[in-house]
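K.L.:
Top line first, the protein sequences correspond to chains A and B. To get this note's numbering, take the position in the first sequence, counting from 1, and add 2. To get this note's numbering, take the position in the second sequence, counting from 1, and add 118. Glycine included, each C-beta is placed from N, C-alpha and C at the ideal position. Predicted model only: the values in this text are computed from it and were never measured.
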Amino acid sequence: MDTHSPGHLPDSAEAHAHAPHAEEAYHPTWKTYKWVALILFLITVAEVWAYYIPSFVASRAFVPILLIMSAAKFIIVVMFYMHLKYDHRLFRVLFTGPLLIAGLTLIALLFLFGQLVIKL
Amino acid sequence: MTAAAAHHYTSTGLDNRKIAIWAFIGSECMLFTSLISTYMIYKGRSVVGPYPHEVWTNPATGQVMKPILNIPVTSASTFVLLMSSLFMVLALAAVQNKHVPKRNRSEEILGSSKLWLWATAIAGATFLGFQAYEFTSFVHEGLTIKTNLFGSTFFTLTGFHGAHVTAGVLWLVTLLAIDYRRGLGPADAMAVDLAALYWHFVDVIWIVIFTLIYLIK
């Protein structure tokens with residue numbers, strides 16, 4: 003892991019020495035990609051299936067379960083297809099930081115405009 | 119120019135183009151969240167139909183109309199977009215392993231960057247075809263961007279996403295043109311990786327849109 007101070011810029015030789023380390027991020031194999039695609043497909047089938055079960059749609063579990071399945075697909079694509087699981091942590095920060103801000107803003111707006119209510 | 123300068127390395131040892139694309143993707147998360155927030159806030163507040171999940175009466179004809187969203191068609195387009203992400207990772211892997219000797223026919227197929235780039239671009243274009251069909255049928259059923267709050271927020275959100283898919287398809291076509299002109303090899307892996315990250319981001323946004331807009335009533 004890089005231990006340089008933020009203001010320190012390396013000369014070209016030093017940067018070059020870093021470069022192979024940065025480029026050597028592990029990428030999954032074809033078999034992993036195949037399994038990821040299968041899992042994504044099965045979750046999507048489960049989501050659409052759930053949509054067509056009226057008793058389940060009417061239940062309180064419908065929305066949370068759909069949100070969990072959607073979040074699972076989101077995380078799987080980001081982790082494996084976008085290689086965030088294997089890549090440098092700076093990329094994780096660059097992605098999850100704005101995502102967190104955006105998610106909190108969405109929740110705050112839903113509370114502000116009355117779509118979400120806390121019942122005391 | 120030194121090798122390091124040619125490869126855009128930064129003080130972190132990371133390629134600045136990759137840092138830039140992740141920062142861009144982070145900003146795009148905020149853009150799409152603002153569009154999704156607007157949709158969610160106005161959800162169920164349309165005064166007149168058509169509605170996404172409820173039947174409605176056409177005031178002009180008095181005819182009772184079914185909910186406007188077509189889940190089977192959108193499920194098919196979602197499947198196509200998910201498969202395009204698989205094709206994209208295979209395209210990247212093919213470029214990265216271009217010089218690895220292929221031992222049999224299946225390895226030759228897996229190692230063909232042109233094949234997987236074509237497959238990704240065609241899948242993206244197919245998704246856009248589904249979207250064009252959906253938009254056209256909505257307009258024929260009386261839903262435009264001006265009809266009600268649902269129409270305004272729906273067309274804005276999915277239209278922005280469609281524009282991003284279009285940009286992604288154009289990006290893939292430029293990579294294909296380079297591949298045909300001089301061939302893409304391991305030296306170009308970063309250029310393909312950037313396109314792949316953008317493409318997967320477009321896919322994850324659709325994963326969210328599909329659940330929040332189409333499936334949750």
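Roughly how many angstroms lie between the CA atoms of P185(B) and M148(B), to the nearest whole one?
P.N.:
Approximately 30 Å, taken between the alpha carbons.
K.L.:
Is there at least one Cβ from chain A nearer than 7 Å to A141(B)'s Cβ?
P.N.:
True, the Cβ-Cβ gap to chain A drops below 7 Å.
K.L.:
Any beta carbon from chain A within less than 7 Å of D321(B)'s own beta carbon?
P.N.:
By this cut-off, D321(B) is an interface position.
K.L.:
For V182(B), which residues does DSSP report across the bridge?
P.N.:
T175(B).
K.L.:
Nearest-angstrom Cα distance between W324(B) and G144(B)?
P.N.:
Computed Cα separation, rounded: 16 Å.
K.L.:
In three-state DSSP terms, what is D321(B)?
P.N.:
Helix at D321(B).
K.L.:
List the endpoints of the continuous alpha helix (DSSP H) containing A39(A).
P.N.:
Per DSSP, A39(A) belongs to the alpha helix (DSSP H) from 32-53.
K.L.:
Which bits of chain A does V207(B) rub up against, with CB to CB less than 7 Å?
P.N.:
Simply Y35, Y83.
K.L.:
Does A39(A) come within less than 7 Å of chain B when only Cβ atoms are used?
P.N.:
Yes, because at least one Cβ of chain B sits closer than 7 Å to the Cβ of A39(A).
K.L.:
Could one say the Cβ of L235(B) lies closer than 7 Å to chain A's Cβ atoms, at least one of them?
P.N.:
No - not a single Cβ of chain A is within 7 Å of the one on L235(B).
K.L.:
DSSP state of P219(B), grouped into three classes?
P.N.:
Residue state, collapsed to three classes: coil.
K.L.:
Cβ closer than 8 Å: which chain B residues qualify as neighbours of L44(A)?
P.N.:
Under the 8 Å cutoff, chain B gives no residues; its nearest Cβ is about 11 Å from L44(A).
K.L.:
Roughly how many angstroms separate the alpha carbons of F339(B) and Q214(B), rounded to a whole number?
P.N.:
Because chain B is modelled from 119 through 335, residue 339(B) falls outside the range shown and cannot be assessed.
K.L.:
Taking only beta-carbon atoms, is L102(A) less than 7 Å away from chain B?
P.N.:
So no, L102(A) is outside the interface.
K.L.:
Would you please verify whether the beta carbon of L106(A) is less than 7 Å from any beta carbon of chain B?
P.N.:
So, not an interface residue.
K.L.:
Run down chain B in chain order and give the residues with a C-beta less than 7 Å from the C-beta of K87(A).
P.N.:
Neighbours of K87(A) on chain B: none; closest Cβ ~13 Å, over 7 Å.
K.L.:
For a quick check, are the C-beta atoms of L228(B) and A209(B) less than 7 Å apart?
P.N.:
No, these two residues do not count as a Cβ contact at 7 Å.
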